[in-house]
Amino acid sequence: MAYEYITCAVVPNATQYRWRLRTGNSVTDLQITTTNEIRIADFLTDAMLPAYDYNKTYNISAQAFDGLAWTSYGATCIVKTTTFPHAEVQHLCNQTLATFSQPISVYAIFNATSYQYQVNDLTQSSQNDGVQNFTSTTRTFKLSDLPIWSYGHQYSVRCRVVFKNILYPYSAACVVNAPPAVTTLRVQDCPKQLITKGSKVYANTMTSDNPQSVTGYQFKIGSQESAWKTTRDVTIQEIIGSVPVNNTTYPVQVRLMYEGVPQAYGTACSVTTPNALIVLNDSTIDETESGILDKSAAIEEEIINDFVVFPNPSEDQFTIRLTGSFENEPILVEVYDFSGRKLLSVREKMDATNELSFGRGLEKGNYLLQIQGVGIIQKKTILKL
């Protein structure tokens, strides 16, 4: 290969070695090194391209500089380049990739104008990805460059190049393993401080060419597991089978049913329940909904919409989330004590989150909250602890 080293005898006190490359009796090139080794590739420059080719014989000789003068050239060594370019995978053979975007590199081929990769799925599966081809101008590609790629599959990768407008044969294949189908909770839920005990957390989406390969999710806390489900959301109660304890951190893991095979659980994420139940429904703590009120008492005859009130455990305020689409619509929030005295009035336009925060500085106690907007007038009883 062009990148294999050719060595000459070490000359005592030599500081430089000059190498002479010849084709037949004609001197093709000269190169100087500070060591007693060189590669054919070291002669390769754009100017030398016409003289360089595969399956070609060269004569190489060397002389040394001992600090005073150059010695005579030594005996000529005959070197023949390989029959065709060897563009094997340079690293990662028989290894498992960390991600689908991890670069897979082949040996660089001087002045190659095209690298053509062929990837064959070796996995015995109904979701076998078959044989795929990918062409690049560089010696690096990723499995994610392919139209199809799957978790836990084993792929055979080989490459061929175009050099001087000649398409050479494929080099030897290398086997690489795709990452396993292990997942965890999504980034925004790992860790997670729940707004209410009934709030959901979500498994991370699987970036896969075959989303239909994921047919189920199962969540786990310690030895307690949820039932398999087809959606990637879950509550703590679904996993442990009972109402979670306030102000408690639970280590939540998730695994997939991928291509009909249960996968390993991913890394646990800390999910913490809120400090206390804040929202009341008709002056009664709503234990079943863990603080979320989906019920409301309407001031007018018709309930046009609904809203949810929840505490933020880390701040001295409440947050309203409207059910429906109210982006850019003005909403009036009013807070009264039970004597009918208005304590707070806030009018703001809703953003895309449909959420509005209020109540900083309110003393502990029971309050009546009233919401007014286009097509909505509703009230709820709230408690600040």
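Just so we're aligned, residue 657 is where the sequence shown starts under our numbering, counting upward by one. Idealized CB from N, CA, C, for every residue including glycine.
Tell me, please, which residues DSSP counts as bridged to residue i.
| i | result |
| --- | --- |
| L823 | V818 |
| C749 | Its beta-bridge partners do not exist; DSSP assigns none. |
| S869 | DSSP output for S869 lists no bridge partner at all. |
| W726 | F721 |
| P986 | K1005 |
| V832 | Y811 |
| P668 | The partner list for P668 (beta bridge, DSSP) is empty, contrary to what the question assumes. |
| C846 | According to DSSP, which records beta bridges pairwise, C846 is partnered with nothing at all. |
| R888 | Answer by DSSP bridge pairing: none, since R888 is not bridged. |
| F797 | I760 |
| T905 | T928 |
| M913 | G872, P918 |
| E693 | T663 |
Is it buried or exposed for residue i, if we count other Cβ within 10 angstroms and need 16 for buried?
| i | result |
| --- | --- |
| P907 | exposed |
| E943 | Low confidence applies to E943: its pLDDT is 33, below 50, so where it sits in the model is not reliable enough to give any reading. |
| T891 | buried |
| H809 | buried |
| A986 | In the sequence under discussion, the amino acid at residue 986 is Pro, which differs from the Ala named in the question. Exposed, because fewer than 16 other Cβ atoms sit within 10 Å of the Cβ of P986. |
| A859 | buried |
| C664 | buried |
| Q844 | exposed |
| P930 | buried |
| R997 | exposed |
| S970 | A caution first: S970 carries a pLDDT of 45, below 50, which makes its placement in the model unreliable, though a value can still be read off. Per the 10 Å Cβ criterion, exposed. |
| A834 | buried |
| A1008 | exposed |
| G680 | exposed |
| F699 | buried |
| P1029 | Per the sequence presented here, residue 1029 reads as Gly, with Pro not at that position. It counts as buried. |
By Cβ distance, which residues of its chain are closer than 7 Å to residue i, with the 5 residues on each side in sequence left out?
| i | result |
| --- | --- |
| L823 | R816 |
| E945 | Here E945 scores only 32 on pLDDT, less than 50, and its place in the model is too uncertain to base an answer on. |
| N750 | V831 |
| G1021 | K1040 |
What residue from the options has the CA that sits closest to residue i's CA?
| i | options | result |
| --- | --- | --- |
| P741 | I734, D709, T732 | D709 |
| T727 | S1013, Q844, A670, T1009 | A670 |
| R1003 | R997, S1013, G996 | S1013 |
| A725 | Q772, P668, G922 | P668 |
| V813 | Q1028, E881, V832, N821 | V832 |
| S792 | T689, A768, E915 | A768 |
| G922 | P836, N903, D889 | P836 |
| G1015 | T1037, Q1028, T975 | T975 |
| F797 | F819, D785, S770, K820 | S770 |
| L802 | K820, T701, Q758, A764 | Q758 |
| T904 | I851, Q780, I765, Q1028 | I851 |
| S717 | S682, A707, T739, P706 | S682 |
Do residue j and residue i count as a contact pair if the criterion is CB distance below 8 Å?
| i | j | result |
| --- | --- | --- |
| N715 | T737 | no |
| L841 | V910 | yes |
| L686 | R674 | yes |
| F875 | I896 | no |
| V775 | Q788 | yes |
| Q849 | T928 | yes |
| Y811 | L778 | yes |
| G878 | L912 | no |
In chain order, what residues of the same chain have a beta carbon less than 6 Å from the beta carbon of residue i, not counting five sequence neighbours either side?
| i | result |
| --- | --- |
| F756 | L799, S800, W805 |
| A828 | E744 |
| Q1026 | E990, K1035 |
| N692 | T663, C664, V666, Y673 |
Does residue i have its Cβ less than 8 Å from a Cβ in chain D?
| i | result |
| --- | --- |
| A859 | No chain D appears in the structure shown, which is made up of a single protein chain. |
I'd like the list of long-range same chain contacts for residue i, defined as Cβ closer than 8 Å, with 5 residues on each side in sequence excluded.
| i | result |
| --- | --- |
| F721 | A670, T671, Q672, Y673, R674, T727 |
The ligand GTP and residue i: does any heavy atom of the ligand fall closer than 7 Å to the residue's C-beta?
| i | result |
| --- | --- |
| K856 | No copy of the ligand GTP appears in this structure; indeed no ligand is present at all. |
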